Amino acid sequence: MFTIFRNAFSHYRGQILGWGLSLGALCLYMARFYNTIAAQKESYMKMVDAFPKELMAFFSTSDASEMFTPSGFLNIEFFSYMPIIIGLFAILAGSGMLAGDEESGTMDLILAHPVSRTVLFVGRALAFLVATIGILAINWVGFLIGLPGSGLGLNALEIGQPFISLFATLMLFGTMALVLSMLLPSRRMAAMTSGILMIASFFITTLARLDENLETLAKISPMNYYQGGMAIDGLKWGWVIGLLGISALFVLIAWWRFERRDIRVGGEGGWRIPMILRLRQRQEAAGNDG
Amino acid sequence: MERTLAIHTQKLMKSYGSVRALRGLDLEVRRGEIFGYLGPNGSGKTTTIRCLLDLIRPNGGTVRVLGIDPQADPVAVRARAGYLPGELHFDENMSVESALRYLNSLRANKHAGGHVADWDYVRHLCEHIDLSLKLAIKNLSKGNKQKVGVVQALMHRPELLLLDEPTFGLDPLVQQEVLRLVKEARQEGATVFFSSHILSEVQEIADRVGIIRQGVVVEVAETASLINRALHRARIRFRQPADCNALANVPGVKVLSQDDGQAITLQIEGEMDRLIKTLAAFEVIEFETERPSLEEIFLAYYEADRNHVQ
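Chains as they are written, first to last, in the working numbering: chain D, 1 to 290; chain L, 291 to 600.
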């Protein structure tokens, strides 16, 4: 399994550095930028007050004064949109974890070696897990470097809490893409569907802050259980565990499906509706017998 | 019987949706032999091999590879087999050496009886087929990628070699070298099961041949006997124009061409005894027979099938 993990992880190295360092630099900048905001609180307050409440809702807040608390500031300026940004990585990695190899045609060769499907699945899934943690850890380190000169006044644990919430959300969308890649005919379709669901979830959660009618729908939206920067004030472990629990369920379904289905030789697959096909085959067989 | 058979399938069936790729395939490949598996594109050759390695799951029938059910213990089968896929793809970002080392490390599964390759032997194989270990996979031609595929299939000295179109894309010199390596593997005790539609190479190295048609094995025979017993071609020159109807009426004889009644080319299926007895009534100047190539035999099977359909 370690060979599979090491090889899969080596494919993530560039992405970990790319996503990690670029967003890590942004984290460092944000930590320092808080001082500028705090120093010009009054003028910023006037500007933010002028924003329509619809716009503020997209930054996961309706109260402009939150901008000047550490948790509110980091939520608005960074964590509110991170699930969408790093979510892209999670969805592409999840959808390509196994289906990518099938479509590139390399899966046949790997599985012709004494490697079980379960070992391949677990090795790849672990690499994805570690890569996601790696990206978030580099981001977290970016904040840690920026915190000493910042007026945020947060310690390493406090700044780490939103990353735990973010991690759970990314896992959910990454594993959703994985399970869809096992159920849908192609990686592309799985990534697209997961992307649409992620964006839809973001908008539903956001708009539910403005429209009470959407509150019920927002309850089934995963983004509703993402705390963002507000996790600095206290992490809701129930939400984290819930998101990770659903992720674990997605992983189990994906594993179950991967264990049972045919490995594609290459390229994208086609739609099949097994029950209808089985019925048609039975009819054909009955016709041939007759 | 399982002890003497490397591959044994009974009534193997596999469908892709409404397409029935294997329709009750019965196949027996003996241990230690080179078995050529012939059939045109889409006849079910690759599907058979992928069922043997549990890459796809049959809809019915039984499979045993080296006495093991691949669905029950695929890892044990793969530990003892080497496979060259028909559609060969590698991680393009690797060098030849890193790709081979990676695949070799996947074999280090001692629980399944897997054993890794001796790297000196890998170098020996690469030298034989003129393959540099330092090259990047992404810069390799199709033929050179095929060479990497051949090396990875052979490098751990497997008990069973499953080769899907092994010489596809290779130049004639390397083709010969690959066939030589396959023979070498057999001499070391390996069973070789290889699919091909290049009949000359099957004829050259296979001990036995199986012909698959529309998902069913229609013929299995010793390569030599298949060639001997089947079609022959005869060219006959007569001293005077002859009425060839008598020859055309001989069972199993078909007139291929006729030139002024003095020269005739016939195709004879089966034994020649009745034709020769009929020819005794004519004054024959020349009588030349030609053994058919495997290709002609192969085409004859498909010709028969087309006629049957019509």
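The beta-carbon is built from N, C-alpha and C at its ideal position, and this holds for glycine as well.
Being a predicted model, the structure only gives us computed values, none of them experimental.
What separation, rounded to the nearest whole angstrom, lies between the Cα atoms of residue i and residue j?
i         : j         : result
D:Thr-175 : D:Ile-145 : 31 Å
L:Met-303 : L:Thr-337 : 10 Å
D:Phe-5   : L:Glu-559 : 59 Å
L:Val-543 : L:Asp-533 : 15 Å
D:Ser-71  : D:Ile-263 : 47 Å
L:Pro-348 : L:Gly-334 : 12 Å
L:Thr-513 : L:Gly-505 : 21 Å
L:Arg-447 : D:Pro-83  : 49 Å
D:Gly-100 : D:Ala-93  : 9 Å
L:Tyr-327 : D:Leu-17  : 49 Å
D:Gly-149 : L:Ser-388 : 46 Å
L:Arg-527 : L:Met-562 : 17 Å
L:Ala-536 : L:Ile-566 : 12 Å
L:Leu-317 : L:Asp-410 : 36 Å
D:Phe-202 : D:Leu-184 : 23 Å
L:Val-508 : L:Phe-325 : 15 Å
D:Phe-210 : D:Ser-165 : It is worth fixing the name first, because residue 210 of chain D is Leu in this sequence and not Phe. Between D:Leu-210 and D:Ser-165, the C-alpha separation is close to 23 Å.
D:Ala-38  : L:Ser-385 : 54 Å
D:Tyr-34  : D:Gly-153 : 10 Å
L:Phe-484 : L:Pro-456 : 7 Å
D:Pro-222 : D:Tyr-81  : 14 Å
D:Leu-214 : D:Tyr-12  : 38 Å
L:Lys-437 : L:Ala-369 : 21 Å
L:Arg-572 : L:Ile-517 : What sits at residue 572 of chain L in the sequence shown is Phe, not Arg. Computed Cα separation, rounded: 28 Å.
D:Phe-73  : D:Gly-229 : 8 Å
L:Leu-453 : D:Thr-169 : 45 Å
L:Val-599 : L:Arg-503 : The predicted model places L:Val-599 with a pLDDT of 48, which falls under 50 and marks its position as unreliable; any figure quoted below should be read in that light. Approximately 13 Å between the Cα atoms of the pair.
L:Phe-458 : L:Glu-382 : 20 Å
L:Val-440 : L:Ser-486 : 15 Å
L:Glu-321 : L:Gln-477 : Looking at the sequence itself, residue 321 of chain L is Arg, so the reference to Glu does not match. Roughly 12 Å between the two C-alpha positions.
D:Tyr-29  : D:Thr-132 : 22 Å
D:Ser-181 : L:Gln-466 : 42 Å
Against residue i, what residues of chain D qualify as contacts under a CB-to-CB distance less than 8 Å, listed in chain order?
i         : result
L:Phe-620 : No statement about residue 620 of chain L is possible, as the shown extent of chain L runs from 291 to 600 and does not include it.
L:Pro-360 : None at all; the shortest Cβ gap to chain D is about 11 Å.
With 7 Å set as the bound, which would you pick, yes or no: does the beta-carbon of residue i sit closer than that to a beta-carbon of chain L?
i         : result
D:Val-122 : no
D:Pro-114 : yes
D:Asn-139 : no
Could you name the residues of chain L that residue i contacts, counting a contact when the two beta carbons are closer than 8 Å?
i         : result
D:Ile-263 : Arg-340, Leu-345 and Ile-346
Below 7 Å on C-beta distance, what does residue i contact in chain D?
i         : result
L:Ser-395 : Thr-3
L:Pro-330 : Here the premise fails: no neighbours, minimum Cβ distance about 18 Å.
Run through chain L and tell me which residues come within less than 7 Å of residue i, C-beta to C-beta.
i       : result
D:Asn-7 : Tyr-392
Could you tell me whether the Cβ of residue i comes closer than 7 Å to any Cβ of chain D?
i         : result
L:Arg-447 : no
L:Tyr-373 : yes
L:Glu-377 : yes
L:Val-365 : yes
L:Asn-621 : Residue 621 of chain L is absent from the model: chain L starts at 291 and stops at 600.
L:Asn-399 : yes
Using a cut-off of 9 Å between C-beta atoms, extract the partners of residue i located in chain D.
i         : result
L:Ala-369 : His-113 and Pro-114
L:Asn-245 : Within the shown structure, residues of chain L are numbered from 291 to 600, placing residue 245 of chain L beyond reach of any answer.
Task: Whole beta strand (DSSP E) elements within the stretch 503–587 of chain L, 3-residue minimum - done: 506–512, 521–528, 543–549, 553–559 and 574–580
Task: alpha helix (DSSP H) runs wholly inside the stretch 85–171 of chain D, at least 4 long, in chain order - done: 99–104, 107–111 and 117–146
Open item on the list: Which runs of the beta strand (DSSP E) at least 3 residues long sit entirely within the stretch 374–421 of chain L? Give them in chain order.
Closed with: none
Task: Uninterrupted alpha helix (DSSP H) stretches inside the stretch 304–370 of chain L (no shorter than 4 residues) - done: 335–342 and 364–370
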